[in-house]
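Number of protein chains: 2
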Amino acid sequence: MGKEPWLDDDEQKAWRSYLLMHKTLETHLERHLQREFGLSKSDFEILVNLSESDTGRMRAFELGQLTQWEKSRMSHHLSRMEKRGLISKESCDSRYPEIAITEAGRAAIKACAPAHAARVREFFVDVFGPDRLAVLGEVSDDIVEAIGKHCDTDCPPAVSGLNAS
Amino acid sequence: MGKEPWLDDDEQKAWRSYLLMHKTLETHLERHLQREFGLSKSDFEILVNLSESDTGRMRAFELGQLTQWEKSRMSHHLSRMEKRGLISKESCDSRYPEIAITEAGRAAIKACAPAHAARVREFFVDVFGPDRLAVLGEVSDDIVEAIGKHCDTDCPPAVSGLNAS
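As you go down the protein sequences, you meet chains R and E in turn. Going letter by letter, the first sequence gives residues 6 to 170 in my numbering. Going letter by letter, the second sequence gives residues 6 to 170 in my numbering.
In structure tokens, the structure reads:
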């Protein structure tokens, strides 16, 4: 510490380049998923989380923890995905439904995953290259840990399936 | 190319670490802004863009280009900010209003900027350190350029004021 909180010009430039990169990449991946596979970022996030769970099913509140979505957003989005046949709600207790990925949901994620991974490779992994990518991964873990230590109760750790491939 | 599109284990791990870091950091910065200054991420993004323009005013569609928000989201959000006195809509043509930051809007961004910058420093800039941060900035610019080259018409470059400090 001891330094001024303000970012100097180089720091500011790098921070803004980073923010622009993240937004550009995220927008690009989202548009691709939507255009080629008819899936929104939110659809993808839910399907990735469900498809990677051992049973293909999770409680809505677990999905909420993983995605960090508000409860009402989760509820509305799951209803829309259910209507499209991508998930089903299965439970005797309608307040705490269990969300299961359907065969159509599995087919959807299976169809888009290779093309999504190829874009992540082309525009992220291969631009970094293995050494710089490894450093990014390490620093990323350090940042998550630092924020986790800083936050005891009011900011639970975020876990993301967003755009995962 | 020539390589499989799938990410290998190391690549996958780094990519997921990166996604988790971005989400964790973004959530942390957002909650801080909301809790300490009563500003949402969206408020902040609009105020940063307006306060950095030479005149303190921009057309709504320019803000839309910078933020990449849908038109309806922009319209609704600007109306809410206007009600709170953070911006004003000034134009003889209500379909294309000019959005101006108010004195209250300037005061709000001025009040939160140092604390926001301090968090960006603590949890991002200082964890990277100057050398790794410089590399990140360069790779970020390369990624934005690569996506820009790839996309001719259907994905205009994203420009972000998000969480800028």
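Glycine included, each C-beta is placed from N, C-alpha and C at the ideal position.
(request) Determine, using beta carbons only, whether Ala163 of chain E comes closer than 7 Å to chain R. (result) Numbered from its first residue, the second sequence carries residue 163 of chain E at position 158. Bear in mind that the predicted position of Ala163 of chain E carries a pLDDT of just 43, short of 50, making it too unreliable to give a figure here.
(request) In angstroms with no decimal places, state the Cα-to-Cα distance between Gly142 of chain R and Leu91 of chain E. (result) Taking the first sequence and counting its residues from 1, one reaches residue 142 of chain R at position 137. Taking the second sequence and counting its residues from 1, one reaches residue 91 of chain E at position 86. Rounded to the nearest whole angstrom, the CA to CA distance from Gly142 of chain R to Leu91 of chain E is 39 Å.
(request) Could you name the residues that DSSP lists as bridge partners for Arg64 of chain E? (result) Counting from 1 along the second sequence, the entry for residue 64 of chain E is found at position 59. DSSP, once it has assigned bridges, lists E:Glu103 as partnering Arg64 of chain E.
(request) Verify the CB distance criterion: does Phe49 of chain R have a CB-CB separation below 7 Å to chain E? (result) As a working note, residue 49 of chain R is residue 44 in the first sequence. Interface residue (Cβ-Cβ distance to chain E less than 7 Å): Phe49 of chain R is not classified as such.
(message) Could you compute how far the alpha carbon of Arg21 of chain R sits from the alpha carbon of Leu138 of chain E?
(response) Locating residue 21 of chain R in the first sequence gives position 16, counting from the first residue. Locating residue 138 of chain E in the second sequence gives position 133, counting from the first residue. Spanning the two alpha carbons is a distance of roughly 11 Å.
(message) With a threshold of 7 Å between beta-carbons, can Asp146 of chain R be considered close to chain E, or not?
(response) Position 141 of the first sequence, counted from the start, is the residue given in the question as residue 146 of chain R. Output row for Asp146 of chain R: interface = yes.
(message) Distance cutoff 7 Å, beta carbons only. Does Glu16 of chain E sit that close to anything in chain R?
(response) Mapped onto the second sequence, residue 16 of chain E falls at position 11. It does; some Cβ of chain R falls within 7 Å.
(message) Considering Cα atoms alone, identify which of E:Val130, E:Ser58 and E:Lys46 is closest to Trp74 of chain E.
(response) Stepping through the second sequence from its first residue, residue 74 of chain E is reached at position 69. Out of E:Val130, E:Ser58 and E:Lys46, the CA that lies nearest to the CA of Trp74 of chain E is found in E:Lys46.
(request) Taking Pro10 of chain E as the query, report the chain R residues whose CB atoms sit under 8 Å from its CB, ordered along the chain. (result) As a working mapping, residue 10 of chain E is identified with position 5 in the second sequence. Think of a sphere of 8 Å around the beta carbon of Pro10 of chain E: the chain R residues whose beta carbon falls inside it are Pro119, Ala120, Ala122, Ala123 and Arg126, in chain order.
(message) If I measure Cβ to Cβ from Ala109 of chain E and keep anything under 7 Å in the same chain, skipping five residues before and after, which residues do I get?
(response) Taking the second sequence and counting its residues from 1, one reaches residue 109 of chain E at position 104. Gly90 and Leu91.
(request) Keeping to the same chain, check which residues put their C-beta closer than 8 Å to that of Pro10 of chain E; ignore five residues upstream and five downstream. (result) Residue 10 of chain E sits at position 5 when you count from the first residue of the second sequence. Cβ within range, chain order: n/a, list empty.
(request) Could you say which of R:Ala151, R:Thr32, R:Leu44 and R:Ser96 lies nearest to His82 of chain R if we only look at CA atoms? (result) Walking along the first sequence from the start, residue 82 of chain R turns up at place 77. Restricting attention to R:Ala151, R:Thr32, R:Leu44 and R:Ser96, the CA atom closest to the CA of His82 of chain R is found in R:Leu44.
(message) Whole angstroms are fine: how far does the CA of Arg124 of chain R sit from the CA of Ala19 of chain E?
(response) Within the second sequence, the letter at position 14 stands for residue 19 of chain E. Within the first sequence, the letter at position 119 stands for residue 124 of chain R. In this structure, the alpha-carbon of Ala19 of chain E lies about 15 Å from that of Arg124 of chain R.
(message) Judging by CA-CA distance, which residue of E:Arg111, E:His27 and E:Asp14 is the nearest neighbour of Ser145 of chain R?
(response) Counting from 1 along the first sequence, the entry for residue 145 of chain R is found at position 140. For Ser145 of chain R, the nearest C-alpha among the options comes from E:His27.
(request) Return the chain-ordered list of same chain residues with a C-beta closer than 8 Å to the C-beta of Ser84 of chain R, the five sequence neighbours on each side being excluded. (result) As a position in the first sequence, residue 84 of chain R is number 79, starting the count at 1. If we look at Ser84 of chain R and ignore the five residues flanking it on each side, it has no Cβ neighbours.
(message) Any beta carbon of chain R sitting closer than 7 Å to that of Phe133 of chain E?
(response) Residue 133 of chain E sits at position 128 when you count from the first residue of the second sequence. Yes, its Cβ sits closer than 7 Å to a Cβ of chain R.
(message) According to DSSP, is Ser22 of chain R part of a helix, a strand, or is it coil?
(response) Taking the first residue of the first sequence as position 1, residue 22 of chain R is located at position 17. Annotated three-state conformation of Ser22 of chain R is helix, per DSSP.
(message) Strictly below 7 Å CB to CB, what residues from chain E border Lys46 of chain R?
(response) Against the first sequence, residue 46 of chain R aligns to sequence position 41. Ordered by position in chain E, no residue passes the 7 Å Cβ test against Lys46 of chain R, which lies about 12 Å from the chain.
(message) Counting only beta-carbon separations shorter than 7 Å, does Ile114 of chain R have a partner in chain E?
(response) Within the first sequence, residue 114 of chain R is the residue found at index 109, counting from 1. No, its Cβ sits nowhere closer than 7 Å to a Cβ of chain E.
(message) Counting only Cβ-Cβ distances shorter than 9 Å, please list the residues of the segment 28-41 of chain R near chain E, keeping chain order.
(response) For the segment 28-41 of chain R, which is checked against every Cβ of chain E, the residues closer than 9 Å are Lys28, Thr29, Leu30, Glu31, Thr32, His33, Arg36, His37 and Arg40.
(message) Let's see if you can read the secondary structure: which residues bound the alpha helix (DSSP H) around Glu143 of chain R?
(response) Here residue 143 of chain R corresponds to residue number 138 of the first sequence, with the count starting at 1. Where Glu143 of chain R is concerned, the enclosing alpha helix (DSSP H) stretches over Asp131 to His155.
(message) Can you check whether the C-beta of Gly69 of chain E is within less than 7 Å of a C-beta belonging to chain R?
(response) Residue mapping note: residue 69 of chain E aligns to position 64 of the second sequence, counting from 1. Gly69 of chain E does not count as touching chain R.
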